[in-house]
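Chemist:
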Amino acid sequence: MRLPGGFLASSVRAGVRKDRPDLALLLAEKGANAAAVFTKNRFQAAPVVLARNGLRKSGGRVRAVVVNSGCANAATGSAGLSAARRVRNRAAELVGCPPEEVFAASTGVIGVVLPDAKIRAALPGALHRASKSGLAAASRAILTTDVGPKVAEASFRVGGRTGRIVGIAKGAGMIHPNMATMLAFVMTDAAATPAFLRRALRDSVDASFNAISVDGDASTNDSLLLLANGAAGNAAVRPGSRDAARFAAVLADALGELARLCVLDGEGASRCVEVVVRGAASDEDARRMARAIGNSTLCKCAFAGGDPNWGRFVCAAGAAGPPLDPDRVDVVVDGVVVARRGRPIPAALPRAARRMARREFRIVLDLHLGRGAGRMLASDLTVEYVHFNAAYTT
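In this note's numbering, the protein residues as written are 6 to 399.
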């Protein structure tokens, strides 16, 4: 897969991890307007603090992105912040831009200071290798416990020109809304103002990375960066413009695909389940219920076993807080109605169980109270997940 015009990428082995590339570099040759969202965990990693402040100081401009795997550089105090700053400064020196235009991100084990000397020594090689065909290598270098890379792309018309959008992501464990635990970097050659990018990114994240769950834990390092360099030659997309809705729709699709790939690649996961709640009193009520079902340990166990135990689904929805009437709720498992008006349909359960044996399926709760709707993507919870995380650092 090729990068949008004006972007380069590469990866190298810095030695943070054993026997694999662990450092990715993304370059906007002439700089790019940028917007980002970060973890809402109050225990934020050093690169998150540095990147957030850098975007503020640069006015939303980014020239280079440096990403390492193998070390989160979180819970490392002033030593970790200094290490991240040294990496950022070295990258800025090599690229020839102000330090605040370098966006640094890290992923890996918490509580270990970033071995920045290794990364600084590897940066010249990464810069030398940067090319238009380097996306695949960069997408692999940012992975930790992921089985494989996560990439999404799309083409679209904007301002009479053809634009492209390409995104890469990592995320397999500690996946939970606000934000779901991951790193993601999305690049487009369309021109767009920072104000528009911020608005479009915020809306797209709510429907994608803030609507997925693997294990209910939100990380210290979540970062999602959107870059628009204008190489397509269109007039800058602005809020309310004719191109704004088109661009926002393409961005939402790209982020939605990356989020789906994160759930499919959840640690030990065997299934990706779309949970839909409709007929709620409001959209927010529906989202809260869908999230409760997707995050429920019991529901995740039912997903893993392919068990159409609809009682667990309505139980989780009822515990979420918003109003529902138990005598109105319908439950549908991948097109099979297993409960109507709060009463079971026993004959439907074998067919529903066969549907739940698939890699991906959908569960719908219709509350029949209003027009509110919400959606969540969730993985199941398997024995493999427990085994993996029981010995994560040992």
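C-beta atoms are modelled at their ideal positions from N, C-alpha and C, and glycine is treated no differently.
(1) Could you please give me the residues that DSSP links to Gly113 through a beta bridge?
(2) Just to confirm, is the Cβ distance from Leu8 to Lys137 under 9 angstroms?
(3) Compute the distance between the beta-carbons of Arg66 and Gly36, then report whether it is under 9 angstroms.
(4) Considering only C-alpha positions, which residue in the set Ser218, Val281, Ala274 and Ala196 is nearest to Ala264?
(5) Would you list the residues sitting across from Leu232 in a DSSP beta bridge?
(6) How many angstroms separate the CA atom of Val53 from the CA atom of Ala189?
(7) Taking 8 angstroms as the cut-off, does the segment 290-309 touch the segment 376-386 (at least 3 CB pairs, one atom from each stretch)?
(8) What first and last residue would you give for the alpha helix (DSSP H) that runs through Glu262?
(9) Of the choices Arg166, Gly153, Asp248 and Leu260, whose alpha-carbon is the least far from that of Phe206?
(10) Could you tell me the alpha carbon to alpha carbon distance between Val21 and Leu28, rounded to whole angstroms?
(11) Taking buried to mean at least 16 other C-beta atoms within 10 Å of its own C-beta, is Val391 buried or exposed?
(12) Spatial neighbours of Asn38 within its chain, please: C-beta separation below 7 angstroms, excluding the five flanking residues on both sides.
(13) Do you know how far the Cα of Leu370 is from the Cα of His133?
(14) Compare the Cα-Cα distances from Ala174 to each of Met187, Pro244, Val17 and Asp339 and report the closest residue.
(15) Check whether the Cβ atoms of Pro327 and Met294 lie closer than 9 angstroms to each other.
(16) Helix, strand or coil: how does DSSP classify Arg203 here?
(17) Going by beta-carbon coordinates alone, are Val107 and Ser228 separated by less than 9 angstroms?
(18) According to DSSP, is Ser213 part of a helix, a strand, or is it coil?
(19) Closest to Arg4 by C-alpha separation, out of Cys304, Gly139 and Val163, would be which residue?
(20) Expressed to the nearest angstrom, what Euclidean distance is found between the alpha-carbon atoms of His373 and Arg346?
(21) Quick check on Asp330: buried or exposed, where buried means 16 or more other Cβ atoms within 10 Å of its Cβ?
(22) Which residue marks the beginning of the alpha helix (DSSP H) containing Gly377, and which one marks its end?
(23) Keeping to the same chain, check which residues put their C-beta closer than 6 angstroms to that of Ser16; ignore five residues upstream and five downstream.
(24) Return helix, strand or coil for Leu140, following the three-state DSSP convention.
(25) Assuming contact is defined by CB atoms lying nearer than 9 angstroms, are Asp288 and Gly379 in contact in what I supplied?
(26) Along the beta strand (DSSP E) that carries Lys155, what are the first and last residues, could you check?
(27) Taking Cβ positions, are Arg292 and Ala216 nearer each other than 9 angstroms?
(28) Under a Cβ-count criterion, where at least 16 other Cβ atoms within 10 Å of its own Cβ denotes burial, should Thr44 be classed as buried or exposed?
(29) Spatial neighbours of Gly139 within its chain, please: CB distance less than 6 angstroms, with the 5 preceding and 5 following residues excluded, ordered by chain position.
(30) How many Å lie between Ala19 and Thr81 at the Cα?
(31) Counting only the same chain and skipping the five closest in sequence on each side, list residues whose C-beta sits under 6 angstroms from that of Ser209.
(32) Could you tell me whether the Cβ of Ala19 comes closer than 9 angstroms to any Cβ of chain B?
(33) Val171 to Val338, Cα distance in whole Å?
(34) Do Ala195 and Gly235 come within 9 angstroms of each other at the CB atom, strictly closer than that value?
(35) By the three-class DSSP mapping on this structure, what secondary structure does Val92 have?
(36) In the structure shown, what three-state DSSP assignment does Thr186 receive?
Modeler: Reading it off the structure:
(1) Gly75
(2) yes
(3) yes
(4) Of Ser218, Val281, Ala274 and Ala196, the smallest CA-CA separation from Ala264 is found for Ser218.
(5) Ala39 and Met192, per the DSSP bridge assignment.
(6) For the pair Val53 and Ala189, the Cα-to-Cα distance works out to about 13 angstroms.
(7) Yes, the segment 376-386 touches the segment 290-309.
(8) Where Glu262 is concerned, the enclosing alpha helix (DSSP H) stretches over Ala249 to Leu269.
(9) This sequence places Leu at residue 206; Phe is not what is there. Comparing Cα-Cα distances from Leu206 to each of Arg166, Gly153, Asp248 and Leu260, the minimum goes to Leu260.
(10) 8 angstroms
(11) exposed
(12) Gly65, Arg66, Ala197, Thr198, Pro199, Leu202 and Ala233
(13) Distance between His133 and Leu370, taken at the CA atoms: about 53 angstroms.
(14) Met187
(15) yes
(16) helix
(17) no
(18) coil
(19) An answer regarding residue 4 cannot be provided, because it is not within the stretch 6 to 399 covered by the chain.
(20) A straight-line Cα-Cα distance of about 9 angstroms links His373 and Arg346.
(21) It counts as exposed.
(22) Careful: Gly377 lies outside any alpha helix (DSSP H), inside the beta strand (DSSP E) at Gly377 to Ser384.
(23) Pro26, Ala29, Ala142, Ala143 and Ala146
(24) Under the three-state reduction of DSSP, Leu140 is assigned to helix.
(25) yes
(26) Residue range Lys155 to Val163 is occupied by the beta strand (DSSP E) that includes Lys155.
(27) yes
(28) buried
(29) Ala14 and Ser15
(30) 20 angstroms
(31) Leu256, Ala257 and Leu260
(32) You won't find chain B in this structure, because it holds only one protein chain.
(33) 33 angstroms
(34) yes
(35) In this structure, Val92 counts as helix in the three-state DSSP scheme.
(36) Residue placement at Thr186 is flagged as unreliable, the pLDDT there being 48, under the threshold of 50; the coordinate-derived value follows with that caveat. The answer is coil: DSSP assigns Thr186 none of H, G, I, E or B.
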